[in-house]
Structure formats: structure tokens, C-alpha cells
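Engineer: For reference, the structure I am asking about is given below.
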Amino acid sequence: MVEVVGIGTCALDIVFKTLKTSVKDVLLASNFMLSAGGIVGNTLSGLARLGVNVGYIGKLGDDVWARKLLAAFLRDGVNFSKIQLSKGDKTEAVAVAVDERGERSFIVFLGVILKLKPEDIDLGYVKSASYLITDGIPLETTLHVVKEVKKFGVKVFFSPAAPPSLYEEVLEGSKQDFMELLTLSDVFSTNHLIALAIANCPSINEAIKELRKLNQSAHMALTMGEKGCVICYNDVVEEVAAFKVDVVDTTGAGDAFNAGLLYGLLRNLSFRESAIIGNALAAIKCTKLGARSGLPDLPQLKDFLRSRGFEVLANIL
Numbered sequence: 007m008v009e010v011v012g013i014g015t016c017a018l019d020i021v022f023k024t025l026k027t028s029v030k031d032v033l034l035a036s037n038f039m040l041s042a043g044g045i046v047g048n049t050l051s052g053l054a055r056l057g058v059n060v061g062y063i064g065k066l067g068d069d070v071w072a073r074k075l076l077a078a079f080l081r082d083g084v085n086f087s088k089i090q091l092s093k094g095d096k097t098e099a100v101a102v103a104v105d106e107r108g109e110r111s112f113i114v115f116l117g118v119i120l121k122l123k124p125e126d127i128d129l130g131y132v133k134s135a136s137y138l139i140t141d142g143i144p145l146e147t148t149l150h151v152v153k154e155v156k157k158f159g160v161k162v163f164f165s166p167a168a169p170p171s172l173y174e175e176v177l178e179g180s181k182q183d184f185m186e187l188l189t190l191s192d193v194f195s196t197n198h199l200i201a202l203a204i205a206n207c208p209s210i211n212e213a214i215k216e217l218r219k220l221n222q223s224a225h226m227a228l229t230m231g232e233k234g235c236v237i238c239y240n241d242v243v244e245e246v247a248a249f250k251v252d253v254v255d256t257t258g259a260g261d262a263f264n265a266g267l268l269y270g271l272l273r274n275l276s277f278r279e280s281a282i283i284g285n286a287l288a289a290i291k292c293t294k295l296g297a298r299s300g301l302p303d304l305p306q307l308k309d310f311l312r313s314r315g316f317e318v319l320a321n322i323l
């Protein structure tokens, strides 16, 4: 039985490891790779490698990029039977430039994903899951699905790809729909910069207060890169430290965090314990180039946790 269904971005990433040296307007690279990517696609693959039964619902172009993404899902064990291939349309693609510190910048082509409509979604399939994970792309369709499946007890994990303004300007969504999706979420996870933009606040503490006004019941996690994350649940707000590693590429670190966080919740761990697992997955991922190359399987995750002093947590996974 499927535990998690995902609706949202699934892209083919072209990742370049760039050099400090450039020649006029040319940015030089020391390495590159093609990698499956996308917020939802990455998170589902991370969960599947840990042994979770997951499925993706979406629309891809009928092109070579789509076939590479399907092959990646097949290797990881993600059910892709609900994917539609759209003739004449193109699959989402992202060019990623990763600098010597592992930080990155993007060029994004969204492709056919914005054409996903409510009638394309098998609601029965989503209703059978414990969680729906989404980045809210496309927003109107996602909101429609969320409203329907919440009636059947499906929990919603929302990890937005951008602040509301970008959904309005580029992603064919409205701020009103974005905020409604946030209020309907059971788990809200994003990076601290997006959180600050949503709340229109200068500090994390103020942003959390504003976000709590929008959704008092949701468990929230705001990632902060090498500083770890801030989590909020019930009336508790606390920081969870990151694991130090030699960083190669931070692309997909937030998605890996989401996979670990959701894995812990599915296994009935506390929100703090789940966030520790999220930080562990993000750290392991950052040691390799590409969004999914470093995603661990369950034995690798357990070994990492034990090596960092979390023997008890590793033993209960």
C-alpha cells in the first residue's frame, strides 16, 4: 500500500561544478552531470531508498528527459504508473551552477508540469496514502486535490518552491491559493528565506509567530543550511543542529531533509527526532554532486547516525 504520494516538480538537472576562474563572460566548469531532480521527485526518491512505498503523480513531456526521469524512478523504486507523457510538450529542466563552496544558482524551465489539471489526478490513489507531499506546482490543481483528500484523513506536507510572489508572477498561481494551501497543511517545511518572505518579517522568530497565526496546528521546519533547522510543533520552538560534512553540492539538500523528516513521521518518531534524521539525510546528500547522487539507503543512514553519536535513534529505525 502506498504511504506517500507526491504532486509537484520533477525535473532533469544539468549540474555544473564551476571554477573560480572565468574567461570574460565564460564560466568554466571542472565537472558536470545529468541528474534527476525537482523538489517532489527528489523527496520521493529519498523516501524510496529508505524503503518507503511512494508514488508520483504528474505530467512530463514525451521526450528523452522524461525517459531519463522514469528510469531514475524505476531504479529508486518510485511508482510512476500515474505519470502522463504529453506529446508535443517538454519536460521540466534545470541548469545548476555549483561553486567551490557547494552553493548553487539555477536556470529553470518549468515545461509541461503547469498543464497538470484536476482531472489528471487519480484521487482514489492519493486518498489511499498516509501523506501527500507537494511543492504547490501547479497551485490551483494542488489546492483542489488537497481539499478533496483532507476529507479522507490524508495528511498534507507542503514544501513551497518559492515565496507567494513568485507563484503569482511565474507559476500561474495566486497568493490567496498559496496561503490557503499553507493553512491546510499538516507539515510545512521550507528554507528560512522563503519563510521570511511569506511572513514578511526580518527575523526567524518573528516569521514563526506570523506563520503560526496562519496555521496553529501544523508542525513546521525552517531549514538554515549549515546552521541546521528551526522546528515548531505544539507550543515548542527549538533549533536542531546540522551535521558537519565536507560539502560538494547543496543542490537538493532541502529535499533530502524533507525525505528524512517525513520518514521519521511515518515511523512515529517525535518531530525533533524526525528533524535529526532530516538533517542527517541532507548532510549525506551534500557530499556528492547532484540532487539525488548522495541520497542514502537505510543502512547508510543508520551507519551515519551511529558515527555521529545517535546510536539509540539508529537502532529504532
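Under our numbering, the sequence shown has 90 at position 84, and the numbering climbs by one with no breaks.
Backbone N, C-alpha and C fix where the C-beta goes; we use that ideal spot for every residue, glycine too.
All figures in this text were calculated on a predicted structure; none of them were measured in a lab.
Over what stretch of residues does the alpha helix (DSSP H) that includes Val326 continue unbroken?
Structural biologist: What the structure shows of the chain is the stretch from 7 to 323, and residue 326 is not part of that stretch, so it cannot be assessed.
Engineer: How many Å lie between Gly231 and Ala248 at the Cα?
Structural biologist: If you take the alpha carbons of Gly231 and Ala248, they lie about 8 Å apart.
Engineer: With C-beta atoms as the reference, is Pro124 less than 8 Å away from Val151?
Structural biologist: Contact: yes.
Engineer: Does the beta-carbon of Gly12 have 16 or more other beta-carbons within 10 angstroms, so that it is buried, or is it exposed?
Structural biologist: That one is buried.
Engineer: Consult DSSP for Val152 and reduce its assignment to one of helix, strand or coil.
Structural biologist: Residue state, collapsed to three classes: helix.
Engineer: Mapping the DSSP letters down to three states, classify Val160 as helix, strand or coil.
Structural biologist: Residue state, collapsed to three classes: coil.
Engineer: Check whether the Cβ atoms of Gly83 and Cys16 lie closer than 8 Å to each other.
Structural biologist: Not in contact: Gly83 and Cys16 (Cβ atoms no closer than 8 Å).
Engineer: Under the rule that 16 or more other beta-carbon atoms within 10 Å means buried, what is Ser51, buried or exposed?
Structural biologist: Classification for Ser51: buried.
Engineer: Taking the alpha carbon of Ala167 as the point to measure from, which residue in Ser134, Lys157 and Ala203 has its own alpha carbon closest?
Structural biologist: Among Ser134, Lys157 and Ala203, the Cα nearest to that of Ala167 belongs to Ala203.
Engineer: To the nearest angstrom, report how far apart Asp309 and Arg81 are at their CA atoms.
Structural biologist: Each residue's Cα considered, the two are about 22 Å apart.
Engineer: Is it the case that the Cβ atoms of Ile119 and Glu98 are separated by a distance below 8 Å?
Structural biologist: A contact, by the Cβ cut-off of 8 Å.
Engineer: Leaving aside the five residues before and after Ala101 along the sequence, list all residues of the same chain whose C-beta is less than 6 Å from its C-beta, in chain order.
Structural biologist: Cβ neighbours of Ala101 beyond the five flanking positions: Ile20 and Ile113.
Engineer: Label Gly67 either buried or exposed according to how many other C-beta atoms from any shown protein chain fall within 10 Å of its C-beta, with 16 as the threshold for buried.
Structural biologist: Answer is buried; the Cβ neighbour count reaches 16.
Engineer: What first and last residue would you give for the beta strand (DSSP E) that runs through Gln182?
Structural biologist: Run containing Gln182: none in the beta strand (DSSP E); it sits in the alpha helix (DSSP H), Lys181 to Leu190.
Engineer: Beta-carbon within less than 8 Å of Val243's beta-carbon, same chain only, minus the 5 sequence neighbours each way: which residues are those?
Structural biologist: Here the set comprises Asn211, Ile214, Val236 and Ile237.
Engineer: Would you kindly report the start and end of the unbroken beta strand (DSSP E) that includes Gln90?
Structural biologist: Run containing Gln90: Asn85 to Ser92, per the beta strand (DSSP E) assignment.
Engineer: How long is the line joining the alpha carbons of Leu18 and Lys74, rounded to whole angstroms?
Structural biologist: Straight-line Cα distance between these residues: approximately 8 Å.
Engineer: What do you reckon, are the CB atoms on Ala286 and Leu323 nearer than 8 Å?
Structural biologist: Contact flag unset, no.
Engineer: Please classify Thr147: does DSSP put it in a helix, a strand, or coil?
Structural biologist: Three-state result, Thr147: helix.
Engineer: For Thr140, write down the residues that DSSP places opposite it in a beta bridge.
Structural biologist: Paired residues: Ile13 and Phe164.
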